[in-house]
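A.B. asks:
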Amino acid sequence: MSGAFEVLTPSSLRIWEQKYRLDGVDKSIDDTWRRVANAAAAAEKKSLAKRWAAKFYDAISDFGFIPAGRILAGAGAGRNVTLFNCFVMGRIEDDMASIFESVKEAALTMQRGGGVGHDFSTLRPEGAAVKGVGAQASGPVSFMDVWDAMCRTIISAGARRGAMMATLRCDHPDIEAFVDAKRDPLRLRNFNVSVLVTDAFMAAVEAGAPWPLVFDGAVHRTVSARALWDKIMRNAYEVAEPGVIFIDRVNAENNLRYCETIYATNPCGEQPLPPYGACLLGSINLVRLVQRPFEPDAALNLARLDELVATAVRFLDCVIDVSRFPLEAQAAEARAKRRMGLGVTGLGDALILCGKHYGSAEARKLAASWLARIERQAYLASAELAAEKGSFPLFERDAYLAGGHARRLPDDIRKTIAAHGLRNGLLTSIAPTGTISLLAGNVSSGIEPAFDFVHRRRVLESNGAAREETIEDYAYRLFRQKRGPHAALPTAFVSAQQLPPQAHVEMQAALQPHVDSSISKTVNCPADMPFESFKTLYAEAYRRGLKGCTAYRPNPVTGAVLSPVSPEPDHAAPRGAAAVASPADARAVALRSGSPPAMDETDAQPLTRAPALSGMTYKLKWPQSDHATYVTINDIEHNGRRRPFEIFINSKNLEHYAWTVALTRMISAVFRRGGDVSFVVEELKAVFDPRGGYWLDGRYAPSLLAAIGGVVETHLINIGFMAAEEPQRGQAASSQSGPAVAKVCPRCAHPALRREGGCQVCLSCGFSQCD
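Converting from the sequence shown to this note's numbering requires adding 646 to each position, the first position being numbered 1.
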């Protein structure tokens, strides 16, 4: 698709500059494409490298094929980083030396830019005897705290946030503690957690049978299978975790089951991997292939799709050879099986461009045909590569074709593999594309529907000032260009929040048969969805042959994702869908009766201190400090209104003495100049700590400074100087944990995180936990 439509937006370029531009090398985004293309082509024979560099550049320069973020950031950079997004680490043996060796390996992997997955099922349960030292084991969940602390430390040393997945078998004696672990909003914040659910367990749930919890061959106790399943479901319903991995199905459908067993996945779940396995990701951008968008005969350019897939397979295969690895065991594993995860992005927008409603059977059929085409061309390209370069070292023709996903491939593909071999053990996967979808003009991510069509994004200027800009979905922006600003949106324009949860499961089920690894997909659920209805989603996912399921319902612990009011008043959400106001709209409405009096010119004059001032002192307990912080704000009466005049911040903790003195002097100086000083609140609340923040009184504070900003805000509201924010419509109240609050981005402190496939992407600054 070409023409005057501009893919690169100001936000795209800003994300490129922040995440993917190589300083001193990339003067334009075109330089980035050439750097990446040349780096991959370096794996080819010298006589072919120039030709393939040109082919790779052609594939990626128009966003038709988008390599994953680690490749864009690291290829050709000369840095000691990995080009693989995520890893599953080695088996953790049940002894202290192995446990802390595993912590070290995970730290080294994250330091190089990779996320990690771990199975903790090998660790003995809490209370079990530790022979030889006369002690009792603390259990796998306690050791997860060690990993979590390590991850926070790695985050503080680098710009990319760490990502981890923890799994535990459904028959481990500590499974209930594992399931409950993330109910604490301060615990294990750097982990996604998933339960490894077996076929036997699902049968026991169906039968209402007892379920033994076993470790090392010994039954520790027996529970009700249904009660345990309900506990898993209740936690997923109330705090969005754990996810569920149907582990027997994962292994049964694995092409490489003859030479590996899988116990864990990467952090977002799209890549079930063996010990030291790695996932190499890239996505075909479907929206760039749609011809005649919004016309009755709109369709994908299949010839271009075939060409892109073949080029992408070769590109990713080359990256295996040019990438560095944090550990030698990871390098050996990657080169022995040469697995990759070629997927798609922009599916939701591509369906809109073709006039298909995401929730319709017609859309599922069309999407499945696209994925089937990609699967076919990927296997044929890999077989062709095998004829040229050789099969992956552990390829065994008969064993490979006899089991797993490969046994259901079309006969002509199986014959081609039998004749030529296969270069790559697994080929396809659907990842959450995170910031690369924003880089490509804000196309819908992965196979998700568009999250929304217009939203506001907070942008920090080089001088530190903040402003907001409007970000539009790719399909929406293209429609407006073609049809004009007032044309009614077609019914195909449907967002994730407007779809019934069942539609998400049905789309994932339609595509899984054409994906040999797995799919990262979020089943979006409304906050008021009944628990029993929520449970059926997981049962349906198992029945339909999915390898896992992650449903997300707004809740007090993980927050409620904010989205703007529909940009089309005449094309609003279907009845029953929640309308959610933007933060800017909410700030315009005061909760209190009456608004603060308007300011005039005299309010902007510098203030003079009276001999005596009245004020309030607030006690603030920050979890990282042993001592409380006391914030005193004194006020002055001016022009018939009370306003802040000075602030004092005191604590016995001398660690922060210098900056607290500087802060009190600067804020007090601002207060004394007069005028509207409420901006101080927003500036303080926007400060984040790379080590992570904490939940205080039902609100997330990304740093101690942000918490102080919250105190200042409370005071200004209490004295009537500024209006309180109106609670966002669509945020469900909880009788147990207070109101649901928007999830705050740890980078920009803006409440704009959205959930995608078990990962987080910020609509405000482009931050993503895994991309």
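Backbone N, C-alpha and C define an ideal beta-carbon position, used for all residues, glycine too.
Look at residue 653 and residue 1087 and say whether their C-beta atoms are less than 8 Å apart.
C.D. replies: Within the sequence shown, numbered from 1, the residue matching residue 653 stands at position 7. Within the sequence shown, numbered from 1, the residue matching residue 1087 stands at position 441. Contact flag set, yes.
A.B. asks: Going by DSSP, what residues sit across from residue 1263 in a beta bridge?
C.D. replies: In the sequence shown, residue 1263 corresponds to position 617, counting from 1. Answer by DSSP bridge pairing, in chain order: 1278.
A.B. asks: Distance check for residue 1046 and residue 682, CA to CA, integer angstroms please.
C.D. replies: Translated into the one-based positions of the sequence shown, residue 682 becomes position 36. Translated into the one-based positions of the sequence shown, residue 1046 becomes position 400. Between residue 682 and residue 1046, the C-alpha separation is close to 32 Å.
A.B. asks: What does residue 922 pair with, by DSSP beta-bridge criteria?
C.D. replies: Here the question's residue 922 lines up with position 276 in the sequence shown. Note: residue 922 sits in no beta bridge, so no partner.
A.B. asks: Can you tell me which residues form a DSSP beta bridge with residue 1165?
C.D. replies: For this step, residue 1165 is matched to residue 519 along the sequence shown. Paired residues: 1076.
A.B. asks: Quick check on residue 1418: buried or exposed, where buried means 16 or more other Cβ atoms within 10 Å of its Cβ?
C.D. replies: Shown here, the chain extends from 647 to 1417; a query on residue 1418 therefore has no answer.
A.B. asks: I need the straight-line Cα distance from residue 1289 to residue 762, nearest angstrom please.
C.D. replies: As a working note, residue 1289 is residue 643 in the sequence shown. As a working note, residue 762 is residue 116 in the sequence shown. Each residue's Cα considered, the two are about 51 Å apart.
A.B. asks: When the distance is taken between beta carbons, is residue 1093 closer than 8 Å to residue 968?
C.D. replies: Indexing the sequence shown from 1 puts residue 968 at position 322. Indexing the sequence shown from 1 puts residue 1093 at position 447. Not a contact, by the Cβ cut-off of 8 Å.
A.B. asks: Report the three-state DSSP secondary structure of residue 1425 (helix, strand or coil).
C.D. replies: The requested residue 1425 does not occur in the structure, where the chain is confined to residues 647 to 1417.
A.B. asks: Does DSSP put residue 732 in a helix, in a strand, or in coil?
C.D. replies: Within the sequence shown, residue 732 is the residue found at index 86, counting from 1. Three-state result, residue 732: strand.
A.B. asks: Out of 868, 808, 708, which one is the CA nearest neighbour of residue 753?
C.D. replies: Working through the sequence shown from its first residue, we reach residue 753 at position 107. It is 808 whose Cα lies nearest to the Cα of residue 753.
A.B. asks: Who are the near neighbours of residue 970 in its chain, counting only those whose CB is closer than 7 Å to its CB and skipping five residues on each side?
C.D. replies: Position 324 of the sequence shown, counted from the first residue, corresponds to residue 970. 726, 727, 728.
A.B. asks: Which residue marks the beginning of the beta strand (DSSP E) containing residue 887, and which one marks its end?
C.D. replies: Translated into positions along the sequence shown, residue 887 becomes position 241. First-last for residue 887: undefined, no H or E at that position.
A.B. asks: Thinking residue 1028 and residue 959 are a contact (beta carbons under 8 Å), I'd like their distance in whole angstroms, please.
C.D. replies: In the sequence shown, counting from the first residue as 1, residue 1028 sits at position 382. In the sequence shown, counting from the first residue as 1, residue 959 sits at position 313. Right, the Cβ-Cβ distance comes to about 6 Å (below 8 Å), so this counts as a contact.
A.B. asks: Determine which residues share a DSSP beta bridge with residue 684 and list them.
C.D. replies: In the sequence shown, the residue the question calls residue 684 occupies position 38. DSSP output for residue 684 lists no bridge partner at all.
A.B. asks: Between residue 997 and residue 1013, what straight-line distance do the alpha-carbon atoms span, to the nearest angstrom?
C.D. replies: On the sequence shown, residue 997 is found 351 positions in, with the first residue counted as 1. On the sequence shown, residue 1013 is found 367 positions in, with the first residue counted as 1. Answer to the nearest angstrom: the Cα atoms are 8 Å apart.
A.B. asks: Under a three-way DSSP split, which group does residue 815 fall into?
C.D. replies: Here residue 815 corresponds to residue number 169 of the sequence shown, with the count starting at 1. The answer is strand: DSSP assigns residue 815 an E or B state.
A.B. asks: Check this for me: beta carbons of residue 1164 and residue 1321, under 8 Å apart or not?
C.D. replies: Numbered from its first residue, the sequence shown carries residue 1164 at position 518. Numbered from its first residue, the sequence shown carries residue 1321 at position 675. The answer is no: Cβ separation not under 8 Å.
A.B. asks: Taking residue 1085 and residue 698 to be in contact with their CB atoms under 8 Å, please state how far apart those CB atoms are, rounded to whole angstroms.
C.D. replies: Locating residue 1085 in the sequence shown gives position 439, counting from the first residue. Locating residue 698 in the sequence shown gives position 52, counting from the first residue. Not really, about 23 Å apart at Cβ, beyond 8 Å.
A.B. asks: According to DSSP, is residue 1150 part of a helix, a strand, or is it coil?
C.D. replies: Locating residue 1150 in the sequence shown gives position 504, counting from the first residue. Helix, per DSSP.
A.B. asks: Determine the burial state of residue 1207: buried for a count of at least 16 other Cβ atoms within 10 Å of its Cβ, exposed for fewer.
C.D. replies: Counted from its first residue, the sequence shown places residue 1207 at position 561. For residue 1207, the predicted structure reports a pLDDT of 44, less than 50, and the residue's modelled location is therefore unreliable. The matter cannot be settled from this model.
A.B. asks: How many Å lie between residue 855 and residue 938 at the Cα?
C.D. replies: The residue labelled residue 855 in the question sits at position 209 within the sequence shown. The residue labelled residue 938 in the question sits at position 292 within the sequence shown. Looking at the two C-alpha atoms, the distance is approximately 56 Å.
A.B. asks: Is residue 857 helix, strand or coil by DSSP?
C.D. replies: The residue labelled residue 857 in the question sits at position 211 within the sequence shown. Correct three-state label for residue 857: strand.
A.B. asks: Would DSSP call residue 660 helix, strand or coil?
C.D. replies: Position 14 of the sequence shown, counting from 1, holds the residue named residue 660. If DSSP states are grouped into helix, strand and coil, residue 660 belongs with the helices.
A.B. asks: Relative to the C-alpha of residue 865, which residue among 720, 774, 1148 is closest?
C.D. replies: Here residue 865 is taken as the residue at index 219 of the sequence shown, counted from 1. Residue 865 has its Cα closest to that of 774, out of 720, 774, 1148.
A.B. asks: Mapping the DSSP letters down to three states, classify residue 1270 as helix, strand or coil.
C.D. replies: In the sequence shown, residue 1270 corresponds to position 624, counting from 1. Coil at residue 1270, not helix or strand.
A.B. asks: Can you check DSSP and say which residues form a bridge with residue 851?
C.D. replies: Residue numbering aside, residue 851 sits at position 205 when the sequence shown is read from its first letter. According to DSSP, which records beta bridges pairwise, residue 851 is partnered with nothing at all.
A.B. asks: Confirm, please, whether the CB-CB distance from residue 722 to residue 922 is below 8 Å.
C.D. replies: Within the sequence shown, residue 922 is the residue found at index 276, counting from 1. Within the sequence shown, residue 722 is the residue found at index 76, counting from 1. Taking 8 Å as the Cβ cut-off, residue 922 and residue 722 do not qualify as a contacting pair.
A.B. asks: Could you give the C-beta distance for residue 1003 and residue 1032, rounded to a whole number, given that I count them as a contact under 8 Å?
C.D. replies: By 1-based counting over the sequence shown, the position of residue 1003 is 357. By 1-based counting over the sequence shown, the position of residue 1032 is 386. Contact flag wrong, Cβ pair sits at about 41 Å.
A.B. asks: Using DSSP with H/G/I as helix, E/B as strand and the rest coil, what is residue 707?
C.D. replies: Residue mapping note: residue 707 aligns to position 61 of the sequence shown, counting from 1. DSSP places residue 707 in coil when its eight states are reduced to three.
A.B. asks: Could you tell me whether the region 836-853 touches the region 879-895, using the rule of 3 or more Cβ pairs below 8 Å?
C.D. replies: Contact holds: three or more Cβ-Cβ distances are below 8 Å.
A.B. asks: Could you tell me which whole beta strand (DSSP E) segments of length 3 or greater appear in the region 981-1045?
C.D. replies: Here the runs fully enclosed are 987-991.
A.B. asks: Please confirm if residue 1173 has its CB atom under 8 Å from at least one CB of chain C.
C.D. replies: Structure shown: chain C not included; a single protein chain is present.
A.B. asks: Identify whether residue 1175 lies in helix, strand or coil by the three-state DSSP scheme.
C.D. replies: Here the question's residue 1175 lines up with position 529 in the sequence shown. Coil at residue 1175, not helix or strand.
A.B. asks: Express the C-alpha separation of residue 1313 and residue 1362 in angstroms, rounding to a whole number.
C.D. replies: The residue you call residue 1362 lines up with position 716 of the sequence shown. The residue you call residue 1313 lines up with position 667 of the sequence shown. Taking the straight line from one Cα to the other gives about 14 Å.
A.B. asks: Three-state secondary structure (DSSP) at residue 1347?
C.D. replies: Reading the sequence shown from its first residue, position 701 is the one you call residue 1347. Three-state result, residue 1347: strand.
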